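Novice: Take this structure, written in structure tokens, and hold onto it; I'll ask about it next.
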Amino acid sequence: MRLEDTTPKDKLSWCIKWAASLCLIAAMAIRASDGSNYLDTLLSFVGVTGWFCVACIWRDRALITLNAIGMFILLSGILQRFV
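Just so we're on the same page, the working numbering is the position in the sequence shown counted from 1, plus 179.
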């Protein structure tokens, strides 16, 4: 069984998708190694924001909703650190 790539081949969304995914993977690695909570949150925010942009390009309402809520939650955590 061969998996077919169904990702749109738009260069912009492809680049954002992979950069955002790498940010999220790095955030998870930091979280798993009990590293900096702030860096984990910041990288997660960048990754979720990237995926929000991709979702808007693709016009995928489920991904837009998920990532918009994720951005709000992570941004509130980032702002709490400074307030």
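We put the beta carbon where it would ideally sit given N, CA and C, even for glycine.
On a predicted model such as this, the values are computed, not experimentally measured, just so you know.
1) Residue range of the alpha helix (DSSP H) that G256 falls in?
2) Taking 8 angstroms as the CB-CB cut-off, is R238 touching chain C?
3) According to DSSP, simplified to helix, strand and coil, what is G226?
4) Return helix, strand or coil for S215, following the three-state DSSP convention.
5) Nearest-angstrom Cα distance between A211 and G229?
6) Are three or more beta carbon pairs between the stretch 190-203 and the stretch 220-239 nearer than 8 angstroms?
Specialist: Result, derived from the coordinates:
1) Residues 240-261.
2) The structure shown contains no chain C; it is built from a single protein chain.
3) DSSP, reduced to helix, strand and coil, places G226 within a helical segment of the structure shown.
4) S215: coil per DSSP, three-state reduction.
5) Roughly 22 angstroms separates the two Cα atoms.
6) Segments in contact, yes.
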